[in-house]
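Asker: Have a look at this one.
Number of protein chains: 2
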Amino acid sequence: MQINRNALFAATAICALASQPAMAEEGMWTFDGFPAEQVREQYGWAPDQAWLDTVRNSAVRLTGGCSASFVSPDGLILTNHHCVASCLFDNSDETADYLLNGFVADRRDAELKCPGQQAEVVTMISDVTPDVIGAIGSQTGEALTKARDAKIAELEKAGCPDSETTRCQVVTLFGGGQYKLYTYRKYSDVRLAWAPEDRAATFGGDPDNFNFPRYSLDASFLRAYENGRPVATPEHLKWNPRAPEEGEITFVVGNPGSTSRLWTDSQLAFEREVRLPVTVATLSELRGRLIRAMEESKEHAREGGDMLSGIENSLKVYIGRTKALNDPAFTAKLAEAQNDLRQQVAGDSEIGDPWTTVDEAMNAYRALYYPLRFTQPSGDLYSYAQTLVFAAQERGKPNSERLPGYTDSALPLTEKQVLDERPVYPWLDELGMEWSLSKAREYLGVDDPDTKLLLGKESPEQLAERLVNGTSLADPAVRKALWDGGLEAVEASNDPMIQYALKLATRQRELKALADAQYSGPLAAAGVKLADARFAAYGDSLYPDATFTLRISYGQVKGWVERGNQVPFQTTMGGTFERATGNAPFDVAPAFAVNQTKIDKNTTYDFVTTNDIIGGNSGSPVIDRAGTVIGAAFDGNIHSLGGNYGYDGTLNRTVAVSAAAVQEALETIYPAPALVEELARR
Amino acid sequence: MQINRNALFAATAICALASQPAMAEEGMWTFDGFPAEQVREQYGWAPDQAWLDTVRNSAVRLTGGCSASFVSPDGLILTNHHCVASCLFDNSDETADYLLNGFVADRRDAELKCPGQQAEVVTMISDVTPDVIGAIGSQTGEALTKARDAKIAELEKAGCPDSETTRCQVVTLFGGGQYKLYTYRKYSDVRLAWAPEDRAATFGGDPDNFNFPRYSLDASFLRAYENGRPVATPEHLKWNPRAPEEGEITFVVGNPGSTSRLWTDSQLAFEREVRLPVTVATLSELRGRLIRAMEESKEHAREGGDMLSGIENSLKVYIGRTKALNDPAFTAKLAEAQNDLRQQVAGDSEIGDPWTTVDEAMNAYRALYYPLRFTQPSGDLYSYAQTLVFAAQERGKPNSERLPGYTDSALPLTEKQVLDERPVYPWLDELGMEWSLSKAREYLGVDDPDTKLLLGKESPEQLAERLVNGTSLADPAVRKALWDGGLEAVEASNDPMIQYALKLATRQRELKALADAQYSGPLAAAGVKLADARFAAYGDSLYPDATFTLRISYGQVKGWVERGNQVPFQTTMGGTFERATGNAPFDVAPAFAVNQTKIDKNTTYDFVTTNDIIGGNSGSPVIDRAGTVIGAAFDGNIHSLGGNYGYDGTLNRTVAVSAAAVQEALETIYPAPALVEELARR
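In structure tokens, the structure reads:
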């Protein structure tokens, strides 16, 4: 699944460094840098500005980490089923399991509110590079990151005086080579209109994830509301439930979360040697704990499902990346590209040697990485506590001095995500906390001061149980009182989770300051030089690494050759019944079974294209030459996992569910006549 | 813990390739290659032949994967607690938990039989290199491995006509440069005399495993029996419960399981890129499943404990190896050593280019590795079935044509391990089978023919449940009937686990034949050349890679410097109480708490030496210059984990429990006056 699970941390994530000349069909292009000439050369046609404008105005970003698009004038949004799974889950209980059974709103006022969800449409992009670079001046280390973040906070606040309906975000492109201010029209009331059964979307489950041929109805419809009424969206994409044709040009428009295509050797080495091994080992253990816990009861099976699919999706991504970085043929290409760049700018005294700066920053980061990682316990309840503590502390400061997630421009979404009502399952929180605390002890060591800070004399099991059982933060009213009460209320609270978050906050700030000084600051300075190097070597028709901001990729409907065998470009709905074994996760969804004779078996189900996408693109519309929607991207094939580091057009594929299959489902399997009518309306 | 969990698979493990000049204190020396001159130079003294002979005749190998030594004339054996944990576990039930509570036999006939355990003492080593090399001749691939294995079966059978009391084993040293026939006096009735509480041995649990300073009473006593009576062992080591002195020379004598110090680049690359990642990821998930399952009930907590400690120990080893192979400074040394060897023999036409042969074999192995690994489901019950099936099939063939574990010389131990009575916990078997089958599907892929062979149309969960619930193999009488009934009984059995093992056997044989042809055969041929190269370059005073056969290492009592801080060479028993938090695994063992005031707090508890050991050395006596036992090795420090690939004398340490601490426990904590008297007897 191409969800961007890092979306919430995007602001603090490592910035991409700069870009290189793109291969044909490679590229997650910004709308102001669309390579029309390149497309025209290859396909004999390219979109004009009007085409691009309509598409851009119809494209939606979902703050949960997904992409989407408006497909009717009444705020109807197409996205993936897995992008609304949390919404279905949060609206379910033991009596009504919408995730399992799907959901069709038979009238608009039955549509389900999605906690924490917000839909955003880009309305303006302005270049603020001179402002930010000017504010940074010749500063370095922590001073650099502080000056940068202060200027960004100022620009964001000034750009969006109306924080009710707009959101401003300064985005770092080319690792600091460019800064752009994105202005969004935001809709913070997002509701669910239609979703199929979970099994229809997840047929094949984890075994088939990142696999193709595939038989998945990974689609759903949301609707944006404002003041309790559907939003009018005159700019939207036309729904076109036809089969894709082999070789036709396709565009995927969405918000790829992050890529690391321009990392230097030492960044890739850190990934391969440190981050990926610890991530795969610890997450695999969590997966095992959760799988077993879900076998304990029906309630656990239901309540743990959303978390498990997130873990398994992430693990597949990380294991795929591990394989890519352990493939000598793949890494040789990355090294070659980097060597070429170094040669192109060798002796340029303006550029100097940013590579050594990066090497030093990565060395410093190696020493900080475990403390940074493991002083962040897992669990929704701890996250609430941490956000409440930091928000209370940060709001007392001037806007320009606050941490990135707590500036005036960022606070509204932070507040919404803390205060929205959603169910908490204490056993799940306890499981996650116990796991993360025991891994902290394992990786930091028993005698490490951070382990002692985390555990005191308690065991991970005891501490997790005491905090989860003792806290009242599952109650949104309690969270609201603490949010509204500010620092005084937070410091006076005797909630053990709040006290724990307060205790950890000092060390977390200290570690962030160290990372800013030794890692983020030097990396930002080197990023500017590396971007200069790239522009000097290859000109400025480059695409930046992904940053969970709007991009467009072009490609075509096309299979690939897997170990000598041609993989067809599409599947049909009838194939589901052939692949089914009767056993989970290869059991046919009940409504598919019931309607087996009615379903048009020849309907194109899923298809693959050469578009260059990554996690965060989930739910992106697949658009044809006419600008109409013929599918929704929901996955990549297994080769796409190395796409984080580099695009290989012979193997890397986007996997999409066809609009034709969604239409068949709307008409025959999960009937929604009102939506059928709405989608057909001009 | 330095147990050799691969002991049972040693016959089919990759053979080490050849040796290089040893660094001071580096080396797991064979007794016929002891570097007396080197020791004399360094310590001004070296053991003479009589010293070496007594030590060799007192050294015991335990077939469970450990080392030990005779320490009285009545067959009393010193080893680690963790080497007898399975024995304690197998003798326990819900009413008597010897693993938790420890065990002291108040008279000899109360000593507890250890299922599957056998004690072995080397009585003769003869060089059979010419016989085996002659039989191989100029053959290659599968023909080579068949000819080699046939000759080995013949030599082993001829060497040990009395299979009741002797065992013969041909060992491959220097990757095929040498073949030696080891003759053992064997004792297949091994009983437990004394063991402390589990928490006394495992204080600090997994967090402190491979850690130091350490506070662990990881010691126990077994006794060898024959015809129902203790074995007379006039040759034994003198027990010497004194404190070790810093800087004194120490010898560790035992059976290091396997090392990979002489692997070529492509073997190390395979380890780093393929085997370690899949092993850590899958085993971490199993760990998580088991941790959660053990939290479900007291029974599960008890029944899963032995398996969990094995998994956690293995994981720590594999994660430590991953770190070592991801440490550029460490791997640079390995590469340098390899380059030196290649340069030394460059242009030697007799040696040619075995490195390329190894590269090709490793490439072939990459394609075979997942199928080989994942067509072996986990679980005791499946293992019984598989052994019964293979034994029935192999016993029908001439000795020289059988698979290694089923030759006349190997069958007695194989039979003992299948037929000995020991408890089976079906939930544990189901958990392990479900896990391994789901990992097979994940790594091989849903559409792989091997996945289809393993699962048919069933899910991993269904299949594991059906096989475990349906089989009768937990009953030793059923296993005996099938063993005695041979192929006819096995093929006629309607036991679903037997039927499943029969179904898989064909494919397992096919994969083994492919691996022999493309991997083991070429590697064996290259091994001879690489050994020749090493002998040509560095002479013949080399030590071979470890092979779970008797070795001696020398070193000294010595701490080390950890990130600028001196780690002391010993701990005292009183330190336990200072480190204790009251919470598992840092809770003091009950008998320690009760006897806190009586225990002499200044007694040396654990200590470290520079001896070069590895898994399989667990339980090895630590011997002083006088030839007396002053401790039992039970672990290495965290830096010892890279010792699989290379020894670093500045950091790598053996961890031992002192004889003084064991004596204190025998006198004060778990009183065993008869043993105290027996150990003091001359």
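Chains as they are written, first to last, in this note's numbering: chain L, 44 to 725; chain B, 44 to 725.
A virtual CB, placed ideally from N, CA and C, is assigned to each residue, including glycine.
1) Tell me, please, which residues DSSP counts as bridged to W603(L).
2) So, is A238(B) buried or exposed, given that buried needs 16 or more other C-beta atoms within 10 angstroms?
3) In the structure shown, what three-state DSSP assignment does R315(B) receive?
4) Restricting to Cα atoms, I'd like to know which of N356(B), A524(B) and T549(B) is closest to N680(B).
5) Can you list, in chain order, the residues of its chain whose CB lies under 8 Å from that of F52(B), leaving out five sequence neighbours each side?
6) Let's test the definition: count the other Cβ atoms within 10 Å of the Cβ of L636(B) and tell me whether it reaches 16, buried, or not, exposed.
7) If we ignore side chains and look at the alpha-carbon of each, how far apart do G647(L) and A704(L) end up?
8) Apart from the five residues on each side of it in sequence, which residues of its chain come closer than 6 Å, Cβ to Cβ, to I330(B)?
9) Does the beta-carbon distance from A367(L) to G685(L) come in below 8 Å?
10) Hey, quick one: how far does the alpha helix (DSSP H) through S479(B) stretch, first residue to last?
11) Quick check on DSSP: helix, strand or coil for E338(B)?
12) Using the beta-carbon of each residue, which ones in chain L are nearer than 8 Å to I195(B)?
13) Tell me, please, whether the CB atom of S584(L) is closer than 8 Å to any CB atom in chain B?
14) Straight-line CA distance for D678(L) to G184(B)?
15) When the Cα atoms are used, what is the spatial distance from Q63(B) to G570(B)?
16) Which residues in chain B sit within 7 Å of P414(L), going by Cβ to Cβ distance?
17) Could you give the residue range of the beta strand (DSSP E) that holds L105(L)?
18) When you compare only the Cα positions, how much space is there between T215(L) and A153(L)?
19) Helix, strand or coil for F52(L), going by three-state DSSP, please let me know.
20) Just mark R484(B) as buried or exposed, buried being the case when its beta carbon has 16 or more other beta carbons within 10 Å.
21) On the premise that G618(L) lies in contact with P284(L), defined as a C-beta separation below 8 Å, what is that separation, rounded to the nearest angstrom?
22) Using three-state DSSP, classify S263(L) as helix, strand or coil.
23) What do you get for A336(B), buried or exposed, if any count of 16 or more other CB atoms within 10 angstroms of its CB means buried?
24) Using a Cβ cut-off of 7 Å, pull out every chain L residue sitting near T365(B), in sequence order please.
25) Say whether chain L places a C-beta atom closer than 8 Å to the C-beta of T624(B).
26) With 8 Å set as the bound, which would you pick, yes or no: does the beta-carbon of L329(L) sit closer than that to a beta-carbon of chain B?
27) For D472(B) and D423(B), what's the separation of their Cα atoms in angstroms?
28) If you run the structure through DSSP and keep just helix, strand and coil, what is E269(L)?
29) Establish whether the CB of E485(L) and some CB of chain B are separated by less than 8 Å.
30) Answer with yes or no whether the minimum CB distance from I362(B) to chain L is below 8 Å.
31) Taking the alpha-carbon positions, what's the Q436(L) to Y427(L) distance?
32) Using only the alpha-carbon positions, how far apart do E288(B) and G602(B) sit?
33) On the criterion of 16 or more Cβ atoms from any shown chain inside 10 Å, does S452(B) qualify as buried, or is it exposed?
34) Use the C-beta contact count for R606(B): other C-beta atoms within 10 angstroms, 16 or more gives buried, fewer gives exposed.
35) Quick check on the DSSP output: what are the complete alpha helix (DSSP H) runs of length 4 or more inside the region 640–719 of chain B, in order along the chain?
36) Pick out whichever of H682(B), Y713(B), G692(B) and A708(B) has its Cα sitting closest to the Cα of G70(B).
Answerer: Well, looking at it:
1) Translated into the one-based positions of the first sequence, residue 603(L) becomes position 560. BP columns for W603(L) point to V610(L).
2) As a first step, residue 238(B) is located in the second sequence; it is residue number 195 there, counting from the start. The residue is buried, with at least 16 neighbouring Cβ atoms inside 10 Å.
3) Your numbering for residue 315(B) matches position 272 in the second sequence. It is helical.
4) The residue given as residue 680(B) occupies position 637 in the second sequence. Nearest C-alpha to N680(B): N356(B).
5) The residue given as residue 52(B) occupies position 9 in the second sequence. Because F52(B) sits at a pLDDT of 34, beneath the cut-off of 50, its placement in the model cannot be relied upon, and the following sentence gives the value as read from the coordinates. Counting only Cβ-Cβ distances below 8 Å, and skipping sequence neighbours, we find nothing.
6) As a working note, residue 636(B) is residue 593 in the second sequence. The residue asked about is misnamed: residue 636(B) is Ala in this sequence, not Leu. The residue is exposed, with fewer than 16 neighbouring Cβ atoms inside 10 Å.
7) Your numbering for residue 647(L) matches position 604 in the first sequence. Your numbering for residue 704(L) matches position 661 in the first sequence. Checking the sequence, you will find Thr at residue 647(L) rather than Gly. About 6 Å.
8) In the second sequence, the residue the question calls residue 330(B) occupies position 287. Looking at the sequence itself, residue 330(B) is Arg, so the reference to Ile does not match. Once the five neighbours on either side are set aside, the close Cβ partners of R330(B) are I354.
9) Start at 1 with the first residue of the first sequence, and residue 367(L) comes out as number 324. Start at 1 with the first residue of the first sequence, and residue 685(L) comes out as number 642. At the C-beta level, A367(L) and G685(L) come within 8 Å of one another.
10) Taking the first residue of the second sequence as position 1, residue 479(B) is located at position 436. Taken as a continuous stretch (DSSP letters only), the alpha helix (DSSP H) holding S479(B) covers P469 to L487.
11) Taking the first residue of the second sequence as 1, we reach residue 338(B) at position 295. In this structure, E338(B) counts as coil in the three-state DSSP scheme.
12) Numbered from 1 along the second sequence, position 152 holds the residue referred to as residue 195(B). Annotation: I195(B) has no Cβ neighbours in chain L at a cutoff of 8 Å; minimum Cβ distance is about 36 Å.
13) To locate residue 584(L), count along the first sequence from 1; it is residue 541. Chain B, which has no Cβ nearer than 8 Å to the Cβ of S584(L), makes this no.
14) Here residue 678(L) is taken as the residue at index 635 of the first sequence, counted from 1. Here residue 184(B) is taken as the residue at index 141 of the second sequence, counted from 1. Looking at the two C-alpha atoms, the distance is approximately 43 Å.
15) In the second sequence, counting from the first residue as 1, residue 63(B) sits at position 20. In the second sequence, counting from the first residue as 1, residue 570(B) sits at position 527. Interpretation of Q63(B) is limited by its pLDDT of 46, a score under 50 that renders its predicted location unreliable; the figure taken from the coordinates is listed afterwards. C-alpha separation (whole angstroms): 14 Å.
16) Your numbering for residue 414(L) matches position 371 in the first sequence. Contact note: P414(L) does not reach chain B at a C-beta cutoff of 7 Å; the least C-beta distance is about 14 Å.
17) Sequence index remark: in the first sequence, residue 105(L) carries index 62 (1-based). Following the DSSP letters along the chain, one finds L105(L) inside the beta strand (DSSP E) bounded by residues A102 to L105.
18) Here residue 215(L) refers to the residue found at position 172 of the first sequence. Here residue 153(L) refers to the residue found at position 110 of the first sequence. Near 40 Å, if we compare the C-alpha coordinates of A153(L) and T215(L).
19) Here residue 52(L) refers to the residue found at position 9 of the first sequence. The pLDDT assigned to F52(L) is 34, lower than 50, so where the model puts this residue is not dependable; a value taken from the coordinates is nonetheless given after this. Note: F52(L) maps to helix in three-state DSSP.
20) On the second sequence, residue 484(B) is found 441 positions in, with the first residue counted as 1. Burial check for R484(B): the Cβ neighbour count within 10 Å reaches 16 or more, so the residue is buried.
21) Within the first sequence, residue 284(L) is the residue found at index 241, counting from 1. Within the first sequence, residue 618(L) is the residue found at index 575, counting from 1. So it is not a contact: roughly 19 Å between Cβ atoms.
22) Residue 263(L) sits at position 220 when you count from the first residue of the first sequence. Three-state DSSP puts S263(L) in a strand.
23) As a first step, residue 336(B) must be located in the second sequence, where it is residue number 293. Taking a 10 Å sphere around the C-beta of A336(B), we find 16 or more other C-beta atoms and assign the residue as buried.
24) Here residue 365(B) corresponds to residue number 322 of the second sequence, with the count starting at 1. Around T365(B), the beta-carbon contacts reaching into chain L at under 7 Å are P320.
25) The sequence position of residue 624(B) within the second sequence is 581, counting from 1. Output row for T624(B): interface = yes.
26) Walking along the first sequence from the start, residue 329(L) turns up at place 286. At least one chain B Cβ lies under 8 Å of L329(L).
27) For the purposes of this step, residue 472(B) is identified with residue 429 of the second sequence, where counting begins at 1. For the purposes of this step, residue 423(B) is identified with residue 380 of the second sequence, where counting begins at 1. Straight-line spacing of the CA atoms in D472(B) and D423(B) works out to 6 Å.
28) Residue mapping note: residue 269(L) aligns to position 226 of the first sequence, counting from 1. Per DSSP, reduced to three states, the secondary structure at E269(L) is strand.
29) For the purposes of this step, residue 485(L) is identified with residue 442 of the first sequence, where counting begins at 1. Yes, E485(L) counts as interfacial toward chain B.
30) Within the second sequence, the letter at position 319 stands for residue 362(B). Judged by the 8 Å Cβ criterion, I362(B) is in contact with chain L.
31) Within the first sequence, residue 436(L) is the residue found at index 393, counting from 1. Within the first sequence, residue 427(L) is the residue found at index 384, counting from 1. When the Cα atoms are used, Q436(L) and Y427(L) turn out to be separated by approximately 14 Å.
32) As a working mapping, residue 288(B) is identified with position 245 in the second sequence. As a working mapping, residue 602(B) is identified with position 559 in the second sequence. Distance between the alpha carbons of E288(B) and G602(B) is about 12 Å.
33) Walking along the second sequence from the start, residue 452(B) turns up at place 409. S452(B) comes out buried.
34) Reading the second sequence from its first residue, position 563 is the one you call residue 606(B). Exposed is the label assigned to R606(B), since fewer than 16 other Cβ atoms lie within 10 Å of its Cβ.
35) Whole alpha helix (DSSP H) segments, 4+ residues: 702–707.
36) Sequence index remark: in the second sequence, residue 70(B) carries index 27 (1-based). It is G692(B).
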